[in-house]
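Step one of this worksheet: look at the structure below.
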Amino acid sequence: MRWSVCLLAALIGPHLASSARAADPPVKLVPPPKQVQWSPVAPIELTGRTPVIVLGEKATEPEQYAAERLQSMVARRFGQTWPIIREEATQTQSPVAILLGQRSTHRWLDRICQEGHIELSESSPGHDGYVIAMPESGGHTVILVGGSNPRGVIYGQDTLFQLLQRTEHGPALARAAIRDWPSVPWRGRPQTSLNNYFREGELDCYLTARVNWIDLREGIYAVDPGTPLDKERISQVIREAKRRGLLTYAVVNCGVSADQYDPILDMYREFIQLGADGLWLSFDDKGPGEEPEELVFEALELGRQHGITGPRIMINPPKGSYQTIADESNKDFNRKIMAIPGMEHALWTWTCSPTPEALAQARSIGLKARLGWWHNWTRPFCGFTYIRDKHITTTGRAYMEVPAMREGWNRPSYELLADGGDTTDMVMPWGGNSWGQYYLMPVMGWWAWDPAQHEWNATRGRIYDLVFGPDQVAAAMEFDDTLIRVRRLFRFPWQANEWEPNCPARLKKREDAPNARAMLKQLERLQARIAEQASAQTLIDPGQMRQVYLDPMLTEVRTGMACTEAQYPEDWWPEHQRRILTAVHAGQLDEADRLIAEVRDRLLAEVQQIAGSHANLALTEPYVNWWTSRAKLTARQWQEMMAARRAMIDPKIAEFSYYVYVVDRMLEGVDSPPLRWGTGGAAQQNRVLAKILPMEHEQFWGKWVGGIHRTPAREVTAFWMGRDGTGTVGSYSELPVELPISGQRDSLGLLFFLAGHNREWLGLATVPNRWGGYRYLQVLWDDMLLWEVDVGVQRTRGEWFMVPLPAIPEDIEVLTLRLRVEDRREPGLDAMIFVSPMYLLEMTR
């Protein structure tokens, strides 16, 4: 692509000769253009010289939209109204003319391109590309924004708007020559409902984010064949999309039986008649269907009849085949479908990160295009007012900081994604509808425009500028950074079950309260500072800005402050529960009732205080009810509860063995203890002093359940976390082990067998040792850790372990140990752990 000094002079005006010596760029452009040359000449003053926006005689709808968008943004930010006129009416207009259009639609723009040797065509800068030039023409100061296609004009005016600066005299336009085009050609925003496109400013946000396609689904898994189409609503969406140059994809559920194939094709025909631009073959979580090759072949043929080929065809492979590319999942679905002529140039949506390695896999099965990236994003963890994507505040909306793209499946870093411009033909997010779209879509769209030049803080800065205004950027960035820091001091709710309620956010350490309080007060000050000028400076609807972004900021902060000040039972109750259960297990029910009564008033007072201070959270009422019920339990009821927990073990293990993994296989090695462990080459023996099972006096907190699993063949200890629970930090179950001590007290060891299964598959993706580092099995003597092992590591066939004991004092006849499983990270999913009886050995030395 030519980029000569002569051309630059034509683009930017007569003062370019020294432009290479210009200082730092006068403005930060986001996304950064591929080619930009700044002029050292003073900006074009616009005070008293109101520009006119000039459209060509043959201006398309997207070009008209570009003009209206620029006009409205300038009016909101600078208080000027720039008239929009057609080129034949320019003789009596302002000396500053902004030409928006394509060479084929705008004669004046075309003439300047010819005279200035400006390359502007469908091939240069290319798909969705644009140029910005600032020559003199016929006594006019001309700002030329030319697109390679209609969308390019829209993207070009967005960059032009960023060139506008506020000066003491009024607005001025920084002089620059720009050529730009996207690295990732297709950038989409599918939705779960057509109604979402009509939310305030929704489609305008997409164009600002450089999105160029949407879909026409109604529902999570596309439109089911045979479902009556809401043709009026679909037509509305298509009209609004075409006005903005957005392509629309008809998306139908294709993971069905073969008798539904004709209804699918009929539905695609209906969509085409309504004006859809592309066909999306959605298999997704519905599966591959009965004869997918037949359906895809027919859909491609239908597309060809209407000029819908190449990237106008999109496919979402079925579960198992959308996570991986070149494996044999779903009967080799990807490879078989890729072999159908035409599919090698289609857009394929895979969820793996778009790395060179992933592209190489796609090439190996025949893809001629580049990767399509379906990014399940955003997938936030938790805040004070939300759990993942679910808002838990009952008063308005939750607030989440601008999320980086790592906050999604596979957690890709920007370093990993820097090659995306070389590997990726399409990118789209799936999710995020709970959040303000200006915090989401620009993050992905601007990355996709040029991954190699992507700057995270510049991206955030422009988002804050759009939402709150330029004077609030620093405060908004500090707000989000401080919010992230203060949240690190807290534990957050995840998933409740009958053994553990969803506690609102609480401090990991109470001693961090002053630090948390100080940061939250600073956040409140920052929110107030942002609020002072945000309504006057925002570029979005002020009401939307307050409702979706500004007010939720304050709700998040005040909820965080309430969480800081609250006294939660979780901070002290688990230790007191240990005392209650010790008395219950000893049969000392009167003592247990005394212990319960001793703290009942405190417990009820704390949860009632939380009921008031956390009234804005949906989880507060069930949380208060759970604790109120706990406070009212008698010792007898605790005894019955523990019996019920013990009774759960065998049925749950039978269910696990039937549906997940055969328990007998896990325990095949349990009856063959390596009793000569550590005896070396001599014919020596270790002496078995005892074979002991734990007592069924369980102590617990959280979702783990522990007990003894008995069959006619054997007895083993079992720890279980079910599918209705997710492990949280501090969740544990433990059982006491009473060892009768004999033999040489400085030569004792415990020998036992350990088998464990963790759910390593999510969807159809299996990750070995996915939960490594999440949960541990321990042997403790009082508070002294004797041994531990990571039971997040899969041990489905079991393993024997030897735990050397320290020298046991002579006055100890029975050594009481604790066998404990606990969670260290969250959220860990369901698991089953088995431990054999413990062999107390006198070791040969």
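When the letters of the sequence shown are read in order and numbered with the working numbering, they come out as residues 13 to 857. Quick reminder that beta carbons are idealized off the backbone N, C-alpha and C, glycines included. Here the structure is a predicted model, which is why all the values come from computation and not from measurement.
Residue i - containing alpha helix (DSSP H), residue span
i           : result
residue 457 : 453-461
residue 858 : As displayed, the chain neither begins before 13 nor continues past 857, which places residue 858 out of reach and without an answer.
residue 388 : Element bounds for residue 388: not the alpha helix (DSSP H) but the beta strand (DSSP E), 383-388.
residue 639 : 632-644
residue 127 : 119-127
residue 533 : 525-549
residue 307 : 304-317
residue 98  : It is not in any alpha helix (DSSP H) - residue 98 instead sits in the beta strand (DSSP E) that spans 96-98.
Burial state of residue i (16 or more Cβ within 10 Å)
i           : result
residue 78  : buried
residue 682 : buried
residue 232 : exposed
residue 343 : exposed
residue 143 : buried
residue 15  : Reliability fails at residue 15, whose pLDDT of 35 lies under 50, so the model's placement of it is uncertain and the value that follows must be treated cautiously. Exposed, because fewer than 16 other Cβ atoms sit within 10 Å of the Cβ of residue 15.
residue 346 : buried
residue 303 : exposed
residue 670 : exposed
residue 126 : exposed
residue 33  : Low confidence applies to residue 33: its pLDDT is 36, below 50, so where it sits in the model is not reliable, and the reading given next is rough at best. It counts as exposed.
residue 335 : buried
residue 721 : buried
residue 853 : buried
residue 323 : buried
residue 46  : buried
residue 129 : exposed
Identity of the residues DSSP links to residue i by a beta bridge
i           : result
residue 297 : Paired residues: none, contrary to the question.
residue 844 : 732, 769
residue 177 : 184
residue 709 : BP columns for residue 709 are empty, so no partner.
residue 624 : Bridge partners of residue 624: none, in fact.
residue 328 : 294
residue 888 : Here the chain covers residues 13 to 857 and nothing more, so residue 888 does not appear.
residue 476 : According to DSSP, which records beta bridges pairwise, residue 476 is partnered with nothing at all.
residue 221 : Residue 221 is not bridged to any residue.
Three-state class that DSSP yields for residue i in the structure shown
i           : result
residue 686 : coil
residue 573 : helix
residue 136 : coil
residue 54  : coil
residue 566 : helix
residue 608 : helix
residue 520 : coil
residue 486 : helix
residue 787 : strand
residue 276 : helix
residue 491 : helix
residue 825 : coil
residue 33  : With a pLDDT of only 36 at residue 33, under the threshold of 50, the placement of this residue in the model should not be trusted; the figure read from the coordinates follows. Three-state DSSP puts residue 33 in a helix.
residue 509 : strand
residue 852 : strand
residue 360 : strand
Bounding residues of the beta strand (DSSP E) (the contiguous stretch that carries residue i)
i           : result
residue 747 : 744-752
residue 1   : Because the chain spans 13 through 857 in this model, residue 1 falls outside it and cannot be assessed.
residue 152 : 152-159
residue 431 : Per DSSP, residue 431 belongs to no beta strand (DSSP E) and is neither H nor E.
residue 810 : 807-816
residue 199 : 198-201
residue 249 : Run containing residue 249: none in the beta strand (DSSP E); it sits in the alpha helix (DSSP H), 243-255.
residue 5   : Residue 5 falls outside the range modelled here, since the chain spans only 13 to 857, and no answer is possible.
Inspect the CB distances between the region 374-386 and the region 327-345 and report whether three or more fall short of 8 Å. Using a Cβ-Cβ distance cut-off of 8 Å, the region 374-386 and the region 327-345 are in contact, since at least three pairs of beta carbons, one from each stretch, lie closer than that value.
Would you check if there are 3 or more beta carbon pairs closer than 8 Å linking the region 634-647 to the region 612-622? Flag = yes, the region 634-647 and the region 612-622 touch.
For the structure I just gave you, are there three or more beta carbon pairs, one from the region 806-820 and one from the region 750-770, closer than 8 Å? Contact between the region 806-820 and the region 750-770 is present, because at least three Cβ pairs lie under 8 Å.
Is it a yes or a no for the region 170-183 touching the region 53-62, going by three-plus beta-carbon pairs under 8 Å? Contact between the region 170-183 and the region 53-62 is present, because at least three Cβ pairs lie under 8 Å.
Would you call the region 86-95 and the region 131-139 touching, i.e. three or more CB-CB distances under 8 Å? Inter-segment contact for the region 86-95 and the region 131-139 is absent: fewer than three beta-carbon pairs are separated by less than 8 Å.
Taking contact to mean at least 3 C-beta pairs separated by less than 8 Å, is the region 548-555 in contact with the region 398-415? Touching, no, given that fewer than three Cβ pairs across the two stretches are closer than 8 Å.
Would you call the region 436-452 and the region 491-506 in contact, with 3 or more CB pairs under 8 Å? Result no; under three Cβ-Cβ pairs closer than 8 Å.
I want to know whether the region 835-849 touches the region 765-778 - three or more CB-CB distances under 8 Å. Contact annotation: the region 835-849 touches the region 765-778, with at least three C-beta pairs closer than 8 Å.
Taking three-plus beta-carbon pairs below 8 Å as touching, is the region 34-49 in contact with the region 187-198? Contact between the region 34-49 and the region 187-198 is present: three or more C-beta pairs spanning the two stretches fall below 8 Å.
Cβ contact (3+ pairs, closer than 8 Å) linking the region 703-717 and the region 727-745: Taking 8 Å as the limit for Cβ pairs, the verdict is that the region 727-745 does touch the region 703-717.
Closer than 8 Å is the cut-off here; do at least three beta carbon pairs connect the region 430-438 with the region 601-611? In short, these stretches do not touch, since the Cβ pair count stays below three.
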